Amino acid sequence: MRENPSVTAREAVLRAAGLPAVDLGAVVAEQDDPLVFATVSGAHLYGFPSRDSDVDLRGAHLLPTAALVGLHEPAETRTLMWEQDGVEMDLVSHDLRKFARLLLRRNGYVLEQLLSPLVVHTTPVHAELTALAPGLLTSHHAHHYRGFATTQWRLFEKTGELKPLLYTLRVLLTGIHLMDSGRVQPHLPTLAGESAAPAYIPELIAAKEEAEHGPVGEVVEAVRLRRDIEALHARLDAAQVATALPDTPGGRDALHDLIVRTRLGC
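Residues in the sequence shown are numbered consecutively from 2, following the working numbering.
This is how it looks when you write it as structure tokens:
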């Protein structure tokens, strides 16, 4: 049987990102309701997976209409966790309507999941959602990245581990890039190469490749690290003030239309 070129290309992208050679397509086929899309998020998307990193699958599914029109409140979010071929995996998916609502709430997580180049499963609806994404970006997405950075920095101060430190650096640089360019870029190695990022980031990434919860050690001095994080926060604040992104998201009517058409099978 001749291989589908688009599927083969997606597999190549997944392998290049460090994804283990497990059958992710089987996960899609086993879901109770059809998936609109499924992508890889987490450390593989951010560009700093470890040898023992788990696989974070994220996406949206489509509940049947009957589940939404009766008295019972459906479970709009589903979380599955399992081990496959020795790899820890999890899948979190939202019903399409809830996913759209999250997009309108200036949620950086779902934008990154929607736009992830690490595609496991896609549909025409996924393509339509992706096309609408630029109109959903706002200046207030800076709050998402600022808040996430603060949480991860506090975790780093408690643990001294590489993982929360890399997350702190990643989200601050992603937020700055978004405010400056109007584009979502969650890949830390790319961000480190494109902007005035701390020079030790590649060394931190290399250290984390060896252990998911490894310590920072002597890669960077604590005083310099704190100074750099404060400077990135200041850059994000300034970038939000200067951004050309609007205050409110557009595309609400288009999202509504997409959900109705998809739900009714039009």
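Idealized CB from N, CA, C, for every residue including glycine.
Keep in mind the model is a prediction, meaning the values are calculated, not measured.
- For arginine 262, the enclosing alpha helix (DSSP H) starts and ends at 253-265.
- Glu113 is the residue among Glu113, Gln85, Lys209, Val70 whose C-alpha sits nearest the C-alpha of arginine 59.
- Approximately 5 Å separates the beta-carbon atoms of valine 23 and glutamine 85; this is inside 8 Å, confirming the contact.
- With 16 or more other Cβ atoms from the protein chains shown falling within 10 Å of its own Cβ, aspartate 57 counts as buried.
- Serine 182: member of the alpha helix (DSSP H) spanning 163-182, first to last residue.
- Just so you know, the alpha carbons of aspartate 238 and alanine 143 end up roughly 8 Å apart.
- In this structure, the CA atom of glutamate 89 is about 14 Å from the CA atom of serine 42.
- Pairing glutamate 12 with valine 224, the inter-Cα distance amounts to about 42 Å.
- The C-beta of threonine 80 has fewer than 16 other C-beta atoms within 10 Å across all chains shown, which makes the residue exposed.
- Between aspartate 96 and histidine 188, the alpha-carbon positions lie close to 26 Å from each other.
- Valine 29 is bridged by DSSP to nothing; it lacks a bridge partner.
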